[in-house]
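Here's the structure, in structure tokens; my notes come after.
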Amino acid sequence: MPAVLVALPVFNEQEHVADVLQAVQKYGSEILVVDDGSQDRTGEILRSFPNVKVVTHAENQGYGAALRSAFVYAQAQAYDVLVTIDCDGQHQPELIPTMAAELTAGIDIVSGSRYLRSFGEDSLPPEDRRRINATITQEINQRLGLSLTDAFCGFKAYRVSALAALSITETGYAMPLQVWVQAAREGLAIQEIAVPRVYLDEERSFGGSLDDAARRLAYYRTVLDREVGVQPTSSEISSSSTPATCNREKRREPCRMS
7 MPAVLVALPV FNEQEHVADV LQAVQKYGSE ILVVDDGSQD RTGEILRSFP
57 NVKVVTHAEN QGYGAALRSA FVYAQAQAYD VLVTIDCDGQ HQPELIPTMA
107 AELTAGIDIV SGSRYLRSFG EDSLPPEDRR RINATITQEI NQRLGLSLTD
157 AFCGFKAYRV SALAALSITE TGYAMPLQVW VQAAREGLAI QEIAVPRVYL
207 DEERSFGGSL DDAARRLAYY RTVLDREVGV QPTSSEISSS STPATCNREK
257 RREPCRMS
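Residue numbering for the sequence shown follows the working numbering, starting at 7 and increasing by one per position.
Below, the structure written as structure tokens:
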């Protein structure tokens, strides 16, 4: 059996962390929390879960930095699979075994998609988030030859051996865009699986200027442009090869950059 680590990046999650960890413990025996400089009672609550491993950032560094710490830990401790799940109660811990199992021999990254298909319990996404996600997802697909439907879902499974191909420097919310570009560049096999779309707090803040939708979109595009800088343009990709097409209902074939 592969050694699976479930990692949760957290920052000031005193309202959710206990409930989420109690649920996660039902589906994962090896759990890591990266406490990204929380200033509320998160740290105190984590101490009540002695079997949960904790990496603590002395100061808040950002969502991407917390995931980078999880990547480093999973590699250093020689796990086979890393599953990442957010701690805001919007992901479904019962899907952790499914995420890990989908990481078969031919797949390097399994990514949850809230837009691959509909579930009866789906929430309506905040319009600015839906629009920005759709815009950036389309741009990624055009520029990298991928067939993603959700560029930003934090519920993922990674083959730990494949993490060595990634060099994560983006510390903020645009970190997943860096993952997609580097995964495509390195030829990693990507598969999406459908997950329910749940928004418990539609007013949840990104922090500072990123709460402004236009500035958030500009930030994402800046990171994407920077990371794609050494990549061929979408026209060069299309003229030199045929982008992979995935079955969007079952997604049993890996999505690769051709």
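Glycine included, each C-beta is placed from N, C-alpha and C at the ideal position.
{"Asked": "Y179 lies in the beta strand (DSSP E); which residues open and close that run?", "Found": "First-last for Y179: undefined, no H or E at that position."}
{"Asked": "Is the distance from the Cβ of S54 to the Cβ of A29 below 9 angstroms?", "Found": "no"}
{"Asked": "Apart from the five residues on each side of it in sequence, which residues of its chain come closer than 6 angstroms, Cβ to Cβ, to S240?", "Found": "Here the model assigns S240 a pLDDT of 42, short of 50, so the residue's position is not dependable and the matter cannot be decided."}
{"Asked": "Excluding five sequence neighbours on each side, which residues of the same chain lie with their C-beta closer than 6 angstroms to the C-beta of A71?", "Found": "T177"}
{"Asked": "Taking contact to mean at least 3 C-beta pairs separated by less than 8 angstroms, is the stretch 72–86 in contact with the stretch 7–25?", "Found": "yes"}
{"Asked": "Contact criterion: CB-CB distance below 9 angstroms. Does L122 meet it with respect to chain D?", "Found": "Included in the structure is just one protein chain, with no chain D present."}
{"Asked": "So for Q83, helix, strand or coil by DSSP?", "Found": "coil"}
{"Asked": "What separation, rounded to the nearest whole angstrom, lies between the Cα atoms of D42 and S75?", "Found": "10 angstroms"}
{"Asked": "Could you say which of S35, L101, L109 lies nearest to V166 if we only look at CA atoms?", "Found": "L109"}
{"Asked": "Among Q188, N18, A180, which has the Cα closest to the Cα of R221?", "Found": "A180"}
{"Asked": "Taking all protein chains shown into account, do 16 or more other C-beta atoms lie within 10 angstroms of the C-beta of E19, making it buried, or fewer, making it exposed?", "Found": "buried"}
{"Asked": "Which residue wins for smallest C-alpha separation from E21, given the options P15, Y33, T48?", "Found": "T48"}
{"Asked": "Tell me whether A106 is buried or exposed, calling it buried when 16 or more other Cβ atoms sit within 10 Å of its Cβ.", "Found": "buried"}
{"Asked": "Work out the CA separation of P15 and P132 for me, nearest whole Å.", "Found": "22 angstroms"}
{"Asked": "Among residues of its own chain, excluding the 5 on either side of L169, which ones have a beta-carbon nearer than 8 angstroms to its beta-carbon?", "Found": "F77, A80, Q81, L88"}
{"Asked": "What residue range is occupied by the uninterrupted beta strand (DSSP E) comprising R165?", "Found": "162–165"}
{"Asked": "Between which two residues does the beta strand (DSSP E) containing D42 stretch?", "Found": "37–42"}
{"Asked": "So, under 8 angstroms CB-CB, G34 and I102 are touching, yes? Tell me the CB distance rounded to an integer number of Å.", "Found": "5 angstroms"}
{"Asked": "So is P56 buried or exposed if we call it buried at 16+ other beta carbons inside 10 Å?", "Found": "exposed"}
{"Asked": "Considering only residues of the same chain and omitting the five flanking positions on each side of A157, which have a CB-CB separation below 8 angstroms?", "Found": "N139, I142, T143, I146, P182, L183, W186"}
{"Asked": "Going by Cα to Cα distance, which pick from L38, S173, I91, R123 is closest to P202?", "Found": "R123"}
{"Asked": "Under the three-state reduction of DSSP, which class applies to Q148: helix, strand or coil?", "Found": "helix"}
{"Asked": "In chain order, what are the residue ranges of uninterrupted beta strand (DSSP E) at least 3 long that sit wholly in the stretch 49–100?", "Found": "59–63, 87–90"}
{"Asked": "L154 by DSSP, collapsed to three states: which one?", "Found": "coil"}
{"Asked": "With DSSP run on the structure shown, which of helix, strand or coil describes A195?", "Found": "coil"}
{"Asked": "Do you know offhand how far V116's Cα is from A64's?", "Found": "31 angstroms"}
{"Asked": "Determine whether the beta carbon atoms of E273 and K32 lie at a separation below 9 angstroms.", "Found": "Absent from the structure is residue 273, since the part of the chain shown begins at 7 and ends at 264."}
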